[in-house]
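First the structure, in the form of structure tokens, and then the observations on it.
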Amino acid sequence: MSIITLTTDFGTKDHFVGAVKGAIYSELPDAKIVDITHEVSPFSITETAYILKNSYKSFPKGTIHIVGVDSELSDDNKHIAIELDGHFFVCPDNGLISMIASEIQPSKIVEINIHDRVESSFPVLDVFVQVACFIARGGNLTVIGKEISELKKIVEIQPKTNQQQNQITGGIIYIDNYGNVITNISKKMLKDIGKGRGFIVHARKHFFTKIFNKYNEVVSNESYSNQQYEGHKLAIFNSAGYLEIAIYRSNLDTVGGASTLLGLGYRDAIIIDFIDDIKPDFTHLT
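If you read the sequence shown in our numbering, its first letter stands for residue 274, the second for the next number, and so on.
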């Protein structure tokens with residue numbers, strides 16, 4: 274039985290997701306289809322990259338991941354199939370794989386060439402499904418495309434350091450369901466660049482000198498209830514290992530989230546300054 278995942282910006286109102294699933298079942302009646310999400314912000318490549326990076330490893334090796342975000346074929350947006358970390362990805366070459374491929378090199382990349390037989394305005398249905406089902410049957414990638422060596426990269430996914438290595442400049446790449454903002458700065462990068470120095474995290478007019486292990490660590494006074502700390506801002510390395518700016522017990526309908534309360538949005542800069550005479554305040558960079 275093949276596992277095929279779907280990650281798209283289709284939403285669930287229209288027929289698109291159902292049509293894709295129906296086409297897969299028509300080809301592979303025993304397939305197991307898993308929806309990672311269909312709520313990616315329209316055409317958001319960085320959001321797709323973040324979600325995919327933090328979900329694909331939970332699936333067994335050999336899983337096939339169909340990614341339908343900004344997937345219309347053009348000279349600048351080829352269709353590719355990739356074998357990477359024991360998984361297969363069928364997707365556009367628009368940079369969305371670059372967050373994963375920055376750490377793990379693909380075993381094989383092919384540019385899909387079945388478009389001569391298929392003209393489509395819905396390539397996820399008419400092309401990606403065909404390719405995924407072919408792979409699920411044990412087909413070799415080189416049969417459906419020519420092998421290539423390079424992937425398109427998204428520069429904005431990668432944070433930068435200055436020449437003196439005393440500052441990291443990153444940005445917000447994702448806003449979650451709680452309104453928390455996730456940056457592209459990883460725990461590993463802070464550890465490697467910081468080298469034990471103190472730091473100040475700048476997010477617009479807000480700053481942080483402490484990074485928590487868990488959200489509820491912000492409740493520092495046991496005499497107060499959790500509710501009394503609702504609305505407190507904090508910095509944390511989330512379960513994916515990325516720096517996150519959050520509001521404790523945030524609720525977009527009541528308290529609000531970091532995005533709205535702190536005025537932080539997609540692509541906003543997050544800057545970390547390292548300062549030798551400030552003791553770092555975190556416990557989990559081991």
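C-beta: ideal position from N, C-alpha, C; glycine also.
Asked	Found
Which of helix, strand or coil DSSP assigns to His557	Summary for His557: the model assigns pLDDT 44, below 50, so the residue's position carries little reliability; its value from the coordinates is reported in the next sentence. Of the three classes helix, strand and coil, the one that applies to His557 here is coil, per DSSP.
Candidates Asp349, Leu325 and Val290: closest to His338 by CA position	Leu325
Contact set for Pro333: own chain, Cβ-Cβ below 8 Å, skip 5 residues either direction	Ile276
Residues near Thr434 in its chain [Cβ-Cβ closer than 8 Å; skip 5 each side]	Gln440, Ile441, Thr442 and Ile466
The stretch 348-356 touching the stretch 288-300, judged by at least three CB pairs closer than 8 Å	no
At least three beta-carbon pairs within less than 8 Å, the stretch 312-330 to the stretch 361-378	yes
The alpha helix (DSSP H) enclosing Ala304, as first and last residue numbers	Looking at the DSSP string, Ala304 is not in any alpha helix (DSSP H), and its letter there is neither H nor E.
Per-residue DSSP class, three states only, for Ser371	helix
For Ser314, the three-state DSSP class (helix, strand or coil)	coil
Residues near Leu535 in its chain [Cβ-Cβ closer than 6 Å; skip 5 each side]	His479
Supposed close pair Phe361, Ile408 - CB separation, criterion 8 Å	5 Å
Where Pro432 falls: helix, strand or coil (DSSP)	coil
The beta strand (DSSP E) enclosing Thr456, as first and last residue numbers	Val454 to Ser459
Secondary structure of Lys483, DSSP reduced to three states	strand
Option nearest Gly359 by Cα separation, candidates Ser331, Ile446 and Val454	Ser331
Coil, strand or helix - Thr415 by DSSP	helix
Proximity below 7 Å, CB of Ile484 to CB of Asn457	no
7 Å Cβ shell around Pro432 - same chain, five flanking residues per side excluded	Ile441, Thr442, Gly443, Asn457, Ile458 and Met462
Euclidean distance between Cα positions of Asn350 and Val340	13 Å
Exposed unless 16 or more other CB atoms sit within 10 angstroms - verdict on Ser498	Below a pLDDT of 50, predicted positions are generally treated as unreliable, and Ser498, at 45, falls in that range; no measurement from the model is reported.
C-alpha distance - Ile306 paired with Ser328, whole-angstrom precision	15 Å
DSSP-derived helix/strand/coil call for Lys425	coil
6 Å Cβ shell around Phe547 - same chain, five flanking residues per side excluded	Asn439, Gly467, Arg470 and Phe472
Own chain, CB closer than 6 Å to Asp282, minus 5 neighbours either side, in chain order	Val313, Pro315 and Val342
Option nearest Cys364 by Cα separation, candidates Gly529, Asn413 and Val400	Val400
Euclidean distance between Cα positions of Ser422 and Ile377	14 Å
Alpha-carbon to alpha-carbon, Val290 and Gly284	8 Å
Which of helix, strand or coil DSSP assigns to Ser331	helix
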